[in-house]
Amino acid sequence: PTMISKTLRTIIMGPPGSGKGTISSRIVKDFRLKHLSSGDLLRSQIHNKSKEGLQAKKYIDSGQLVPDNVMVQLILNELQKLKHDSWLLDGFPRTVPQAEALHTKEPADVVINLNVPFEIIMSRLTSRWTHAPSGRIYNTDFNPPKVQGIDDVTGEELIQREDDKPETVKKRLETYQAHTEPVLNYYRNLGILEEFTGKYSNEIWPKVHKFLSTKTEPLQYTVYKFC
Ligand code: ATP
Ligand code: MG
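Here the sequence shown is numbered in this note's numbering, starting from 440 and rising by one per residue.
Below, the structure is given as structure tokens:
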């Protein structure tokens with residue numbers, strides 16, 4: 440007999456630098472969920488010069504959120520194509536009006552929130568240093584230069600890009616706090632929020648895997664050891 444399994448609709452949330460990209464790619468590797476990333480979708484719309492892409496570009500370039508009506512239209516349109524699939528939504532909703540619009544049309548079953556300590560986020564987001572003339576990139580956490588602040592090859596100074604500077608990073612986190620944290624409360628009140636706390640993706644991932652395994656069948660059974 441044919442197995443009929445119910446679809447599972449999930450959302451992944453977490454501040455910039457929380458490892459959302461890493462966890463999302465592990466989820467879609469281990470579970471039968473279609474990955475829909477609002478950032479990727481916007482970039483492809485811009486590349487194809489669609490009407491929505493052209494509307495969105497000026498906001499993205501200036502580091503602002505794309506207006507809710509444009510964003511909602513775009514995502515709901517994509518979700519129409521995934522009516523019979525399980526999905527993982529990433530980067531949307533980022534505001535309460537977006538969450539409400541989604542809930543009316545295509546409600547999610549579960550929302551995964553990555554809860555990473557603020558200091559970890561800050562250090563991760565500000566740890567990238569660049570040698571401007573060559574474009575060489577270092578990371579003070581896992582790929583540091585031999586001498587702090589100095590390019591290994593030329594001995595010249597390293598700089599921080601505008602969007603990696605603590606001030607800019609703070610700005611991104613503030614936007615997240617102002618617009619996206621209220622979305623967590625929205626889902627908490629609906630009773631579908633699942634929080635995962637930890638400093639590192641390798642610490643958070645086994646918990647997410649275990650949780651999702653109770654909701655949908657993994658493509659392959661893997662037993663992760665908790666550390
Ligand atoms: P971060 O990691 O800081 O969350 P990012 O650069 O990875 O940001 P993406 O998800 O790749 O962000 O999206 C890039 C840009 O597209 C955002 O900065 C924003 O301007 C726009 N964008 C993406 N998703 C949304 C959304 N749901 N609502 C409004 N704007 C969005
Ligand atoms: Mg990102």
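Cβ coordinates follow ideal geometry from the N, Cα and C atoms, glycine included.
- A distance below 8 angstroms separates the beta carbons of Ser477 and Ile514.
- Contact annotation: the segment 490 to 501 does not touch the segment 568 to 587, with fewer than three C-beta pairs closer than 8 angstroms.
- A distance below 8 angstroms between beta-carbons, with the five flanking residues on each side excluded, links Glu545 to the following residues of its chain, in chain order: Arg448, Leu515 and Leu518.
- Here the distance from the Cβ of Val505 to the nearest heavy atom of the ligand ATP is below 7 angstroms.
- Three or more Cβ pairs drawn from the segment 611 to 626 and the segment 525 to 536 lie within less than 8 angstroms of each other, which places the two stretches in contact.
- The shortest C-alpha to C-alpha distance from Lys522 to any of Phe635, Thr446, Val467 and Lys649 is the one to Thr446.
- Around the Cβ of Tyr639, a 10 Å sphere holds fewer than 16 other Cβ atoms; the residue is exposed.
- The ligand ATP never approaches Gln494 closely enough for any of its heavy atoms to be under 7 angstroms from the residue's Cβ.
- Annotated three-state conformation of Pro546 is coil, per DSSP.
- Apart from the 5 residues on each side of it in sequence, Asn554 sits with its Cβ closer than 6 angstroms to the Cβ of Glu634 and Thr636 in its chain, given in chain order.
- Within the same chain, and ignoring the five residues on either side of Pro455 in sequence, the residues whose Cβ sits closer than 6 angstroms to its Cβ are Arg611.
- If you ignore the 5 residues before and after Ser463, its C-beta comes within less than 7 angstroms of the C-beta of Ile451, His474, Leu527 and Asp529, all in its own chain and listed in chain order.
- When DSSP assignments are scanned along the segment 607 to 637, the uninterrupted stretches of beta strand (DSSP E) that are 3 or more residues long and fall wholly within it turn out to be 632 to 636.
- Judged by their CB atoms, Arg567 and Asp590 are not nearer to each other than the 8 angstroms cut-off.
- In this chain, Arg471 is not harboured by any beta strand (DSSP E), its DSSP state being neither H nor E.
- Residue range Ser477 to His486 is occupied by the alpha helix (DSSP H) that includes Leu480.
- Taken atom to atom, the span from the alpha-carbon of Thr565 to that of Arg627 is near 30 angstroms.
- Taking 7 angstroms as the cut-off, the C-beta of Gly458 does not count as close to any heavy atom of the ligand ATP.
- Going by C-alpha positions, Gly594 is about 22 angstroms away from Lys604.
- Of the residues assessed, Phe650 falls on the exposed side of the cut-off, its CB having fewer than 16 other CB atoms within 10 angstroms.
- The ligand ATP has no heavy atom closer than 7 angstroms to the beta-carbon of Gln519.
- The beta-carbon distance between Ser525 and Arg471, rounded to whole angstroms, is 6 angstroms. This is short enough to meet the 8 angstroms contact definition.
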